[in-house]
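Asks: Got a structure for you, written out below as structure tokens; questions coming shortly.
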């Protein structure tokens with residue numbers, strides 16, 4: 001009797017968690033770069049009433065008799081499928097077509113995001129809406145990345161070929177390879193930096209930290225940082241952002257499933273209570 005009560009309670013807990021996850025997905029249906037999550041359930045330990053026995057000359061073998069003790073949450077899995085494209089026309093908005101993450105710097109920590117709604121701040125640095133600095137590489141004379149990760153800026157001192165004295169930056173653009181190119185008033189287009197793209201062996205192992213960002217974890221693997229279009233890393237699309245990959249039809253179906261599961265678990269508790277009440281009434 002008590003087993004059914006606790007099994008019902010475990011069902012209430014996991015279905016409430018499913019409701020929480022589904023509600024968060026629906027709330028972020030229009031969040032740029034958001035990746036939806038789903039819940040995975042598993043049964044808990046089963047109580048052994050009788051063990052299995054092998055066959056012998058007198059009789060055949062018997063199977064174990066076990067009673068389950070409820071359900072528990074096995075995992076919440078993040079869905080990293082590509083979201084739809086929203087064209088913005090803004091030169092600093094970027095979208096990764098394929099695998100990979102933008103690398104941003106928050107304090108002393110690197111974070112990773114699919115949300116490419118960037119802008120230049122007052123210092124000329126490329127930043128996220130919350131001020132995290134977008135990371136990339138400086139370029140050598142051949143246009144190849146050199147050195148470690150640095151903040152992406154409009155600093156013309158790093159342009160290749162070098163900028164002569166008195167020449168000013170007129171405009172800029174970011175190509176599908178992630179290179180920040182400036183157009184100068186001497187009519188020459190120069191490369192100033194290249195945006196970094198990171199990939200992981202197990203993206204589902206990443207830890208969500210808010211601001212549509214992730215950090216590496218013990219099971220995500222180390223970030224494999226490079227540039228767009230190399231290895232498994234996708235290419236960049238300028239003037240567009242990746243929208244949320246939430247499927248509202250599926251999420252509303254999950255709401256119904258979670259609601260019915262919650263109701264069924266509640267019914268188990270109610271029925272167990274009624275049976276216990278009948279047992280108590282036997283004494284009367």
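Numbering (the UniProt record's numbering), first residue to last: 1 to 284. Note that beta-carbon positions come from the ideal geometry of N, C-alpha and C, so glycine has one too.
1. For residue 55, which residues from the same chain have a beta carbon less than 7 Å from its beta carbon, with the 5 sequence-adjacent residues on both sides left out?
2. Could you say if the stretch 85–94 and the stretch 235–246 meet the contact criterion of at least three C-beta pairs nearer than 8 Å?
3. Considering only the beta carbon of each residue, do residue 182 and residue 195 sit closer than 8 Å?
4. Indicate whether residue 124 and residue 102 have their beta-carbon atoms separated by less than 8 Å.
5. Helix or strand or just coil, what does DSSP make of residue 195?
6. Under a three-way DSSP split, which group does residue 142 fall into?
7. Would you list the one or two residues that DSSP bridges to residue 207?
8. Taking residue 255 as the reference, give the member of 21, 135, 105 with the closest Cα.
9. Within 10 angstroms of the Cβ of residue 135, are there 16 or more other Cβ atoms? Answer buried if so, exposed if not.
10. Quick one: residues in its chain with C-beta nearer than 7 Å to the C-beta of residue 146, no 5 flanking neighbours on either side, listed in chain order?
11. If you draw a straight line from the C-alpha of residue 176 to the C-alpha of residue 186, how long is it?
12. Apply the 10 Å Cβ neighbour rule to residue 285 and answer buried if 16 or more other Cβ atoms are within range, or exposed otherwise.
13. Quick one: grab the DSSP three-state call for residue 271.
14. Decide if residue 265 is buried, meaning its Cβ has at least 16 other Cβ atoms within 10 Å, or exposed.
15. Three or more C-beta pairs under 8 Å: does that hold for the stretch 64–78 against the stretch 42–50?
Replies: This is what the structure gives:
1. So the qualifying residues of the chain are 61.
2. Segments in contact, yes.
3. If you check the CB distance, residue 182 and residue 195 do not come in under 8 Å.
4. For residue 124 and residue 102, no; Cβs fall outside 8 Å.
5. The DSSP-derived three-state label of residue 195 is strand.
6. Correct three-state label for residue 142: coil.
7. DSSP output for residue 207 lists 215 as bridge partner(s).
8. Taking only the C-alpha atoms, the option nearest residue 255 is 21.
9. Flag for residue 135 reads buried.
10. So the qualifying residues of the chain are 137, 138, 139, 140.
11. When rounded, the distance between both Cα atoms is 25 Å.
12. The structure shown does not extend to residue 285, since the chain is modelled only from 1 to 284, so the question has no answer here.
13. Correct three-state label for residue 271: helix.
14. Buried, since its Cβ has 16 or more Cβ neighbours within 10 Å.
15. For the pair of segments examined, the stretch 64–78 was found to touch the stretch 42–50: the number of CB pairs separated by less than 8 Å reaches three.
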